[in-house]
Amino acid sequence: MFEFENVSLKRDNRLILKDINWKVNPSENWAVLGLNGSGKTTLLKLLNGYLWPSTGTLSVLGRTFGKTSLPELRKSIGWVSSALQQQLREYETTEYIVLSGKFSSIGVYEITTQEDLDAAIKMLIDCGGASLVGKEYSILSQGERQIILIARALMANPELLILDEPCTGLDIFAKQNLLSRISAIAALPNAPTILYVTHHTEEILPCFGHTLLLKKGEVFASGKTEDILAPKILSGFYNHAVKVVSLENGQLTVFPVGNCF
Ligand SMILES: Nc1ncnc2c1ncn2[C@@H]1O[C@H](COP(=O)(O)OP(=O)(O)OP(=O)(O)O)[C@@H](O)[C@H]1O
Ligand SMILES: [Mg+2]
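At the far end of the sequence shown sits residue 265, using the working numbering, and the numbering has no gaps.
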C-alpha cells in the first residue's frame, strides 16, 4: 500500500520526522499512536503529497513521489480530519456533502445524476447515517459529522482510508457508535486499507492488527498490535510505568502507575 524508506522531514531547521521506515501491505489495517506533537498528522500529509520528504523515499500505491500525478493519487486516498471538517460548506445537505467525495472536491461542480445522488444516500445509510439524510450539515453534532465525512471519503472507492483522530470531541456513546461503524467498514469485502491515528489505546479496535508508535518524530516501535501494546513497550514509549487492561470488547486501556507529576 505504501512504504517509507529512511524518510526525514525538516522544517525551520528542525527535524519533525526522523528516519521513518514503515511498510504497510494492502491487507493490513494500522493504528498510529503518539502524543501531541509527535508528528502523526505530518506523517499523513506526506502520504497525501501535501508535504514532501526532505530525505529518503516514499512510495504510495506503487507510485514513487516526484514521478506521479498527485491529484490522481489523492483520489485513491480518503482522508478524514478535523481540518477537512472546517472546510466543508455548512449549508449543504448531507447527501451532497457525501456526493462531493466522488469528485474529491469541496462542493459539487460536476453534472450529477439521480443515480449519483442515490449512491451517496446509500453510502450514508451503509455508514449508519440513515437518520441524517436530507439534513443540513450545519445542524449536525460532532459524531454525526464524522459519519458524513467517512461516507464522503468512501464515495471515491479509496484504496486507503485515513482517519486522523475521528473520535475527538465525541461523548462515550457517540464514540462507541463510530468505532463500531469503523469495524463494520473494515469487515466489508472490498474494504479499503484503514489507517487510524489516535492518542488513545482504547480506540484501537481488533480490526487494527498492526500498530506504529510514533515518539518525537521517530518510530519507537511497530508491528503486530498484540506485541506492541504490551506494558514493557508502552512504559518505554511514555517514559512512565503503565498498566494495560483488556476491556470486554477486545480493546485495551492504559493507566499510568504511580504518581504522574
Ligand atoms: N509546517 C510546519 N512548520 C514547522 N513546524 C511544523 C509544521 N507542521 C508541523 N510542525 C511541528 O511538527 C510537530 C508535529 O506536528 P503534528 O501536527 O504532526 O503532530 P501530531 O502528532 O499530529 O499532534 P496532535 O496529536 O496534537 O495532532 C509539532 O511540533 C508541530 O509544531
Ligand atoms: Mg495531529
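Glycine residues also receive a C-beta, built at the ideal position from the N, C-alpha and C atoms.
For clarity, every value in this text was computed on a predicted model and none was experimentally measured.
query	result
Cβ-based neighbour list, A259, same chain, cut-off 6 Å, excluding 5 preceding and 5 following	The sequence given here has Phe at residue 259, not Ala. Result list for F259: K247, in chain order.
Q91 burial status per 10 Å Cβ neighbour count (16 or more: buried)	exposed
Distance between D168 and T45 (C-alpha atoms, nearest Å)	7 Å
Sequence-distant residues of the same chain with beta carbon closer than 7 Å to A160, five excluded per side	K79, G82, G105, K106, S108
Interface flag, Q90 vs chain B, CB-CB below 7 Å	In summary, chain B is missing from the structure at hand, where a single protein chain is found.
Own chain, CB closer than 8 Å to Y141, minus 5 neighbours either side, in chain order	L92, R93, E94, Y95, E96, T97, T98, I101, R149, I152
Span of the beta strand (DSSP E), counted from its first residue to its last, around P260	256-260
Spatially closest choice to I154 from C171, R15, G221, by CA coordinates	C171
Whole-angstrom distance between A124 and A134, CA atom to CA atom	11 Å
Proximal residues to T257 (C-beta, below 7 Å), its chain only, five neighbours per side dropped	T205, E206, V249, L251
Whether A157 touches L144 by CB criterion (7 Å)	no
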